[in-house]
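S.K.: My questions will all concern the structure given below.
Numbering (my numbering), first residue to last: 155 to 464.
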């Protein structure tokens, strides 16, 4: 039986940049709590399989290693962690989101003692056992998992590390004006029975709220499909705006978004990270009153946000 090394954190990545940042942030928090600065080994095989990009590779992250094969299936198929994950998947199979969350909460103390951390949605307390190798699987979408190291994350995800970042189109305007980032996810959201919660009415109400509370705002419209947003969701001709540069990598655009002073976000982790990484004082964040159309544990909302009913 091949064993995982004690001074290592094993992290199979899932999703795109917003999800990846949540997963890394939690792993980084554990890394800083553990002795001897353990290496975070990130497996991006699932991302590659989905034909997505491992955006974390473009950041200068300390003491990380990337592998492109499934950690458990290919390296530790006979390990204790492999069998414990099998148990976890059997016990949570065919459960809805709330039932799965409840089961994870019950199993969590047992798994944590063995160095395993599972959480698909929401927030639950985690307990680190530094004597065990650490295996992380889930999305960990809550600032409670890593807010203690926010200053560290702001440094690690700062845009100035990217070549020619200061030449990003319109960046000087975002810095000088009362900029408002609008983040809209089109792919997977529009038309989805689960994700499509932000209608044209939501965006219009959110923009009007900003106009009433922000003097002479400049809107920065950001999306995986800016053309669709301008044609179907936001009549930007009525406003002063700039749009995300489609030719720039997504991680560079995220850094530019975070330079805004206020935010209108849809139910997208990409937009969530833009507002979280912003250093603006007294920022306004407008968000939809619900994140999903189904009953699911969500812990993404922060105190002080202005929520619009959807």
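Virtual Cβ for every residue (Gly too), placed ideally from N, Cα, C. On a predicted model such as this, the values are computed, not experimentally measured, just so you know.
If you draw a straight line from the C-alpha of residue 455 to the C-alpha of residue 424, how long is it?
M.R.: Position 301 of the chain shown, counting from 1, holds the residue named residue 455. Position 270 of the chain shown, counting from 1, holds the residue named residue 424. Taking the straight line joining both Cα atoms gives about 14 Å.
S.K.: I'd like the span of the alpha helix (DSSP H) that includes residue 424, first residue to last.
M.R.: Residue 424 sits at position 270 when you count from the first residue of the chain shown. Counting along the chain, the alpha helix (DSSP H) containing residue 424 begins and ends at 423–430.
S.K.: Who are the Cβ neighbours of residue 380 in its own chain at under 7 Å, not counting the five residues just before and after it?
M.R.: By one-based count along the chain shown, residue 380 stands at place 226. 397, 398, 400.
S.K.: With DSSP as the reference, please indicate the residues paired to residue 271 in a beta bridge.
M.R.: For this step, residue 271 is matched to residue 117 along the chain shown. Bridge partners of residue 271: 290.
S.K.: Check residue 416 in the structure and name its three-state DSSP category.
M.R.: By 1-based counting over the chain shown, the position of residue 416 is 262. In the structure shown, residue 416 sits in a strand (DSSP, three-state: E or B).
S.K.: From what residue to what residue does the alpha helix (DSSP H) around residue 199 run?
M.R.: As a working mapping, residue 199 is identified with position 45 in the chain shown. Segment 199–203, the alpha helix (DSSP H) holding residue 199.
S.K.: Does DSSP put residue 217 in a helix, a strand or coil?
M.R.: Position 63 of the chain shown, counting from 1, holds the residue named residue 217. Reduced to three states, the DSSP call for residue 217 is coil.
S.K.: How many angstroms separate the CA atom of residue 438 from the CA atom of residue 417?
M.R.: Locating residue 438 in the chain shown gives position 284, where the first residue counts as 1. Locating residue 417 in the chain shown gives position 263, where the first residue counts as 1. Using only the alpha carbons, I get a separation of about 6 Å.
S.K.: Can you tell me whether residue 333 is buried or exposed, with buried defined as 16 or more other CB within 10 angstroms of its CB?
M.R.: Position 179 of the chain shown, counted from the first residue, corresponds to residue 333. The residue in question, residue 333, is buried, as its Cβ has 16 or more Cβ neighbours within 10 Å.
S.K.: Judging by CA-CA distance, which residue of 162, 281, 161, 427 is the nearest neighbour of residue 413?
M.R.: What you label residue 413 is simply residue 259 of the chain shown in a count that begins at 1. For residue 413, the nearest C-alpha among the options comes from 427.
S.K.: Assign residue 196 to buried or exposed, taking buried as 16 or more other Cβ atoms, counted over all protein chains shown, within 10 Å of its Cβ.
M.R.: Taking the chain shown and counting its residues from 1, the one referred to as residue 196 is at position 42. Flag for residue 196 reads buried.
S.K.: Measuring alpha carbon to alpha carbon, tell me which of 306, 300, 163, 453 ends up nearest residue 286.
M.R.: Taking the first residue of the chain shown as 1, we reach residue 286 at position 132. It is 163.
S.K.: Name the residue from 241, 389, 309 whose alpha carbon lies nearest to the alpha carbon of residue 432.
M.R.: Within the chain shown, residue 432 is the residue found at index 278, counting from 1. Taking only the C-alpha atoms, the option nearest residue 432 is 309.
S.K.: Start and end of the alpha helix (DSSP H) containing residue 383?
M.R.: To locate residue 383, count along the chain shown from 1; it is residue 229. Segment: none, residue 383 is in no alpha helix (DSSP H) and carries neither H nor E.
S.K.: Which residue spans inside the stretch 268–352 form an unbroken beta strand (DSSP E) run of at least 3?
M.R.: Listed in chain order, they are 270–273, 288–292, 332–338.
S.K.: Cβ of residue 253 within 7 Å of Cβ of residue 272?
M.R.: Here residue 253 corresponds to residue number 99 of the chain shown, with the count starting at 1. Here residue 272 corresponds to residue number 118 of the chain shown, with the count starting at 1. Cβ atoms of residue 253 and residue 272: not closer than 7 Å.
S.K.: Residue 275 to residue 300, Cα distance in whole Å?
M.R.: Here the question's residue 275 lines up with position 121 in the chain shown. Here the question's residue 300 lines up with position 146 in the chain shown. The alpha-carbon atoms of residue 275 and residue 300 are separated by roughly 15 Å.
S.K.: Please say whether residue 178 and residue 235 have beta carbons closer to each other than 7 Å?
M.R.: As a position in the chain shown, residue 235 is number 81, starting the count at 1. As a position in the chain shown, residue 178 is number 24, starting the count at 1. It is not a contact, given that the beta carbons lie outside the stated cut-off.
S.K.: Can you tell me whether residue 373 is helix, strand or coil according to DSSP?
M.R.: Position 219 of the chain shown holds residue 373. The answer is strand: DSSP assigns residue 373 an E or B state.
S.K.: Using only CA atoms, which one of 210, 233, 394, 202 lies nearest to residue 368?
M.R.: The sequence position of residue 368 within the chain shown is 214, counting from 1. Nearest option by C-alpha distance: 394.
S.K.: Just the C-alpha distance for residue 435 and residue 266, rounded to the nearest angstrom, thanks.
M.R.: Within the chain shown, residue 435 is the residue found at index 281, counting from 1. Within the chain shown, residue 266 is the residue found at index 112, counting from 1. Each residue's Cα considered, the two are about 37 Å apart.
S.K.: Quick one: grab the DSSP three-state call for residue 438.
M.R.: In the chain shown, residue 438 corresponds to position 284, counting from 1. The answer is coil: DSSP assigns residue 438 none of H, G, I, E or B.
S.K.: Would residue 281 count as contacting chain C if we go by Cβ distances under 7 Å?
M.R.: Note that chain C does not occur in the displayed structure, where there is just one protein chain.
S.K.: Report back the beta-carbon spacing between residue 359 and residue 462 to the nearest angstrom; my notes put them in contact at under 8 Å.
M.R.: Working through the chain shown from its first residue, we reach residue 359 at position 205. Working through the chain shown from its first residue, we reach residue 462 at position 308. The Cβ separation is near 5 Å, so the contact holds.
S.K.: In angstroms, rounded to a whole number, what distance separates the CA positions of residue 362 and residue 373?
M.R.: Counted from its first residue, the chain shown places residue 362 at position 208. Counted from its first residue, the chain shown places residue 373 at position 219. In a straight line, the C-alpha of residue 362 is about 12 Å away from that of residue 373.
S.K.: Which residues does DSSP list as the beta-bridge partners of residue 166?
M.R.: Counting from one through the chain shown, the residue named residue 166 turns up at place 12. Answer is 197, bridged to residue 166.
S.K.: Would you give the residue range spanned by the alpha helix (DSSP H) that residue 244 belongs to?
M.R.: Here residue 244 refers to the residue found at position 90 of the chain shown. Segment 234–246, the alpha helix (DSSP H) holding residue 244.
S.K.: Suppose contacts are defined by Cβ-Cβ distances below 7 Å. Is residue 351 in contact with residue 442 by that definition?
M.R.: Locating residue 351 in the chain shown gives position 197, where the first residue counts as 1. Locating residue 442 in the chain shown gives position 288, where the first residue counts as 1. Against a cut-off of 7 Å, the Cβ pair of residue 442 and residue 351 comes out as a contact.
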